[in-house]
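Here the structure is laid out as structure tokens; the discussion comes afterwards.
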Amino acid sequence: MDRRKLETLQRLAALSAMKRDAELAKLAAVAQSRNRLKTALSALKTTEAPLTAEDEGGSVDPAMLAARLAHRRWIETRHSRLNQQLAATTADWLRQRPAASRAFGRAEVLETLRDRAQAACRDARGKER
Numbered sequence: 085m086d087r088r089k090l091e092t093l094q095r096l097a098a099l100s101a102m103k104r105d106a107e108l109a110k111l112a113a114v115a116q117s118r119n120r121l122k123t124a125l126s127a128l129k130t131t132e133a134p135l136t137a138e139d140e141g142g143s144v145d146p147a148m149l150a151a152r153l154a155h156r157r158w159i160e161t162r163h164s165r166l167n168q169q170l171a172a173t174t175a176d177w178l179r180q181r182p183a184a185s186r187a188f189g190r191a192e193v194l195e196t197l198r199d200r201a202q203a204a205c206r207d208a209r210g211k212e213r
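Under my numbering, the residues of the sequence shown are numbered 85 to 213, in order.
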């Protein structure tokens, strides 16, 4: 293999490595956002309090009951919004995975071709001596 083809392969391998890194960074950012949303959803589930607002004497405090109902409505609204965001983020993540996989595969193939070409050039130089 001549020197010009080897240099072309080296440049292509470098470009594909940059593309791979960019695609993997995008995928990691979306995955991190997705994990944050899942964590927020699970935190909401653990903060739900029972609706009974009885004090130690067993009587129901209407103000406490109203506050808990308002909190429950807020939790349900927040839960719904987080689920919508999670669905959109999961869709983005599912779209990003094939692109990252393809970029990763291309980079690996070009690195292998570059390594083989470099070895062939070294062998050719060794035979000339």
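Ideal placement from N, C-alpha and C gives every residue a C-beta, glycine not left out.
Only a predicted model underlies this, so the values are computations on that prediction, with no experimental measurement involved.
- When the five nearest sequence neighbours on each side are left out, the beta carbons in the same chain lying within less than 8 angstroms of the beta carbon of Glu-132 are those of Arg-156, Ile-159, in order along the chain.
- For the region 132 to 212, the continuous alpha helix (DSSP H) assignments of 4+ residues that do not extend past its boundaries occur at 146 to 212, in sequence order.
- Nearest to Thr-161 by alpha-carbon distance, out of Met-102, Leu-125, Arg-200, is Leu-125.
- Around the beta-carbon of Thr-173, 16 or more other beta-carbon atoms lie within 10 Å, marking it buried.
- In this structure, Lys-103 and Ala-201 do not form a Cβ contact; the two beta carbons are roughly 20 angstroms apart against a cut-off of 8 angstroms.
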